[in-house]
Amino acid sequence: MLGQGAPSAVEPQTTDIAILGAGAVGQLICHQLHSAGLAVGLIAREISASPSEATDWQDLVFCPMPSNDANTDSVSYRVPQFGLNSTSLQQIKLLIMCVKAYQVLDAISPLLEKLSPQCHILLLHNGMGPHLALTPKLNGRGLSLGTTSQGVLRQSRWQVRQTGQGLTQFGHFTGPALNQTLQDGLLKAIPNSEWVEAIIPCLWQKLAVNAAINPLTALHQCPNGTLAQAQFTQIIASILDELVEVAAHDSVELNRQFLEERVYRVIELTAANFSSMHQDVAHHRPTEIEQINGYICDRASAHGLSAPINAQICQAIKQLSATKPKI
Ligand code: KPL
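Numbering of the sequence shown is given in the working numbering, commencing with residue 21 and proceeding in unit increments.
(1) Sort G103, A64 and V81 by Cα distance to C118 and report the nearest one.
(2) Is DSSP giving G191 helix, strand or coil here?
(3) Should L279 and A228 be called a contact, given that it needs their Cβ atoms to be closer than 8 Å?
(4) Looking only at its chain, what residues have a beta carbon closer than 8 Å to the beta carbon of A257, apart from the 5 residues adjacent to it on each side?
(5) For W224, report the span of its alpha helix (DSSP H) as first-last.
(6) Would you decide whether E66 is buried or exposed? Buried here means 16 or more other CB atoms lie within 10 Å of its CB.
(7) Under 8 Å between the Cβ atoms of E393 and Q182?
(8) I need the DSSP call for H323, collapsed to helix, strand or coil.
(9) Can you grab the Cα-Cα spacing for the pair V283 / A342, in whole Å?
(10) Beta strand (DSSP E) containing Q311: first to last residue?
(11) Do three or more CB pairs link the region 288–302 to the region 207–224 at distances below 8 Å?
(12) When the Cα atoms are used, what is the spatial distance from L206 to Q110?
(13) When burial is assigned at 16 or more other CB atoms within 10 Å of the CB, is A29 buried or exposed?
(14) If you draw a straight line from the alpha carbon of Q138 to that of I219, how long is it in whole angstroms?
(15) Closest by CA to Q276, which one among V266, L289 and D261?
(16) Please report the straight-line C-alpha distance between G23 and N234, rounded to a whole angstrom.
(17) Just checking, does the region 140–158 make contact with the region 93–110 on the three C-beta pairs under 8 Å criterion?
(18) Is the beta carbon of A327 less than 8 Å from the beta carbon of C317?
(19) Any idea if I39 is buried or exposed, counting beta-carbon neighbours within 10 angstroms, 16 or more meaning buried?
(20) Which ranges does the alpha helix (DSSP H) cover as unbroken runs of at least 4 residues, wholly within the region 236–305, from first to last along the chain?
(21) Could you tell me how far apart the beta carbons of L163 and L135 are, in whole angstroms, since I believe they sit closer than 8 Å?
(22) Exposed or buried, which one is N91 when buried takes at least 16 other CB atoms within 10 Å?
(23) Please classify E308: is it buried, with 16 or more other beta-carbons within 10 angstroms of its beta-carbon, or exposed?
(24) With DSSP run on the structure shown, which of helix, strand or coil describes I333?
(25) Kindly give me the distance between the Cβ atoms of G195 and G160, rounded to whole angstroms, as I take these residues to be in contact under 8 Å.
(26) Would you say T290 touches the ligand KPL, meaning its beta carbon is less than 7 Å from a heavy atom?
(27) Sort E217, K338, L289 and A209 by Cα distance to A197 and report the nearest one.
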């Protein structure tokens, strides 16, 4: 394991970028920004001590993907961790929210009054919807959105392993744009990432993948690859038909054929994996169904349409979650 120049005591420092939500994706992004030399820290909702005690250090371990031509030793590093009362929150220029979609509003609420009015917010989660609810609460702050297909697994609380190197896309949504230096920093730090002109169509495309794969694997308790079987062809087609029609009413033109190809490519590339919703249901955790198939239904009703297959799927997942015993 390689150490990376960890400071030994709590020292004041300016952190430009803070990550809220240190799950698997949050830790992966944290590692990528830290190793690119960016000043990144974590926000820990559980630390709410007085301002002077509100900064701590967190040790993390990152395990790269096995590769023939790169060093795949684990890397240990440490980053500052701020509590909700830390005065350092005022200095943060970019807050990256890596919490689950259904946690975004509750997680950001106590922070909004503590962050500077110039702090830019970036949402990075599966599903869609929180950007609409968050926009009126931003008080003039800028909001960008992102989606990542990088694969990562949490091995213990502060150790993650990268399992896939998919595309990451970011783009501006509303308010002042993220400054160029931070944009460039993100793109340099995160392999295979791009800043796109229009992020919403990219989010709809990722939504299509999640809407087709996640609930079906949870309902049928199967790995992603099982969905290549002929018995799933019709339901996947119906999920996508409804999604494409609803997106068109939201002024997003999606190529139906391209979407279907993308869904089946992901099914093939991740054949042995269990989707995040499968895992959420199996571990009796809340699912992102409301922000995935539920978002399609919500946007359908906003346009006076219905999306019956997606609605049935939402219902089935909610029933499944309700019948599983809670820990
Ligand atoms: O993003 C995913 C998820 O599980 O949430 C997919 C792409 C379906 C991979 O499993």
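All residues carry an ideal CB built from backbone N, CA and C; glycine is no exception.
With the given structure in hand:
(1) The residue you call residue 118 lines up with position 98 of the sequence shown. Measuring from the Cα of C118, the nearest candidate turns out to be A64.
(2) Position 171 of the sequence shown, counted from the start, is the residue given in the question as residue 191. In this structure, G191 counts as strand in the three-state DSSP scheme.
(3) Position 259 of the sequence shown, counted from the first residue, corresponds to residue 279. Position 208 of the sequence shown, counted from the first residue, corresponds to residue 228. Result yes, Cβ atoms of L279 and A228 sit closer than 8 Å.
(4) As a position in the sequence shown, residue 257 is number 237, starting the count at 1. So the list reads E280, once near-sequence residues are dropped.
(5) Locating residue 224 in the sequence shown gives position 204, counting from the first residue. For W224, the enclosing alpha helix (DSSP H) covers residues I219 to L239.
(6) Reading the sequence shown from its first residue, position 46 is the one you call residue 66. Exposed, since its Cβ has fewer than 16 Cβ neighbours within 10 Å.
(7) Examination of residue 393 is not possible in this model, given that the chain is present from 21 through 347 alone.
(8) Residue 323 sits at position 303 when you count from the first residue of the sequence shown. When DSSP states are grouped into helix, strand and coil, H323 belongs to the coil group.
(9) Numbered from 1 along the sequence shown, position 263 holds the residue referred to as residue 283. Numbered from 1 along the sequence shown, position 322 holds the residue referred to as residue 342. Taking the straight line from one Cα to the other gives about 28 Å.
(10) Here residue 311 refers to the residue found at position 291 when the sequence shown is read from its first residue. Neither: Q311 is in no beta strand (DSSP E) and is coded neither H nor E.
(11) The region 288–302 is not in contact with the region 207–224.
(12) Residue numbering aside, residue 206 sits at position 186 when the sequence shown is read from its first letter. Residue numbering aside, residue 110 sits at position 90 when the sequence shown is read from its first letter. Rounded to the nearest angstrom, the two C-alpha atoms are 21 Å apart.
(13) Along the sequence shown, one-based indexing puts residue 29 at 9. Note on A29: pLDDT 42, under 50, position unreliable in the model; no value is reported.
(14) As a position in the sequence shown, residue 138 is number 118, starting the count at 1. As a position in the sequence shown, residue 219 is number 199, starting the count at 1. C-alpha separation (whole angstroms): 22 Å.
(15) Here residue 276 refers to the residue found at position 256 of the sequence shown. Position check: residue 276 holds Arg in this sequence, whereas Gln was assumed. Nearest of V266, L289 and D261 to R276, Cα basis: D261.
(16) Here residue 23 refers to the residue found at position 3 when the sequence shown is read from its first residue. Here residue 234 refers to the residue found at position 214 when the sequence shown is read from its first residue. Unreliable positioning characterises G23 in this predicted model, as indicated by a pLDDT of 38, which lies under 50. A coordinate reading is not provided.
(17) Taking a cut-off of 8 Å for Cβ pairs, the region 140–158 and the region 93–110 do not touch, as fewer than three such pairs fall below it.
(18) Within the sequence shown, numbered from 1, the residue matching residue 327 stands at position 307. Within the sequence shown, numbered from 1, the residue matching residue 317 stands at position 297. Cβ atoms of A327 and C317: closer than 8 Å.
(19) Numbered from its first residue, the sequence shown carries residue 39 at position 19. Residue environment for I39: buried (at least 16 other C-beta atoms within 10 angstroms of its C-beta).
(20) The region 236–305 contains these whole alpha helix (DSSP H) runs: 253–269, 276–289 and 296–302.
(21) Here residue 163 refers to the residue found at position 143 when the sequence shown is read from its first residue. Here residue 135 refers to the residue found at position 115 when the sequence shown is read from its first residue. The pair is not a contact, with the Cβ atoms about 13 Å apart (cut-off 8 Å).
(22) In the sequence shown, residue 91 corresponds to position 71, counting from 1. Counting the other CB atoms within 10 Å of its CB gives N91 a total below 16, which places it among the exposed residues.
(23) For the purposes of this step, residue 308 is taken as residue 288 along the sequence shown, with counting starting at 1. With a threshold of 16 other beta carbon atoms within 10 Å, E308 meets it and is buried.
(24) Numbered from 1 along the sequence shown, position 313 holds the residue referred to as residue 333. For I333, the three-state secondary structure derived from DSSP is helix.
(25) The residue labelled residue 195 in the question sits at position 175 within the sequence shown. The residue labelled residue 160 in the question sits at position 140 within the sequence shown. By a beta-carbon distance limit of 8 Å, G195 contacts G160. Their separation comes to about 6 Å.
(26) Walking along the sequence shown from the start, residue 290 turns up at place 270. Residue side-chain check: T290 places its Cβ nearer than 7 Å to a non-hydrogen atom of the ligand KPL.
(27) Working through the sequence shown from its first residue, we reach residue 197 at position 177. Closest by alpha carbon: E217.
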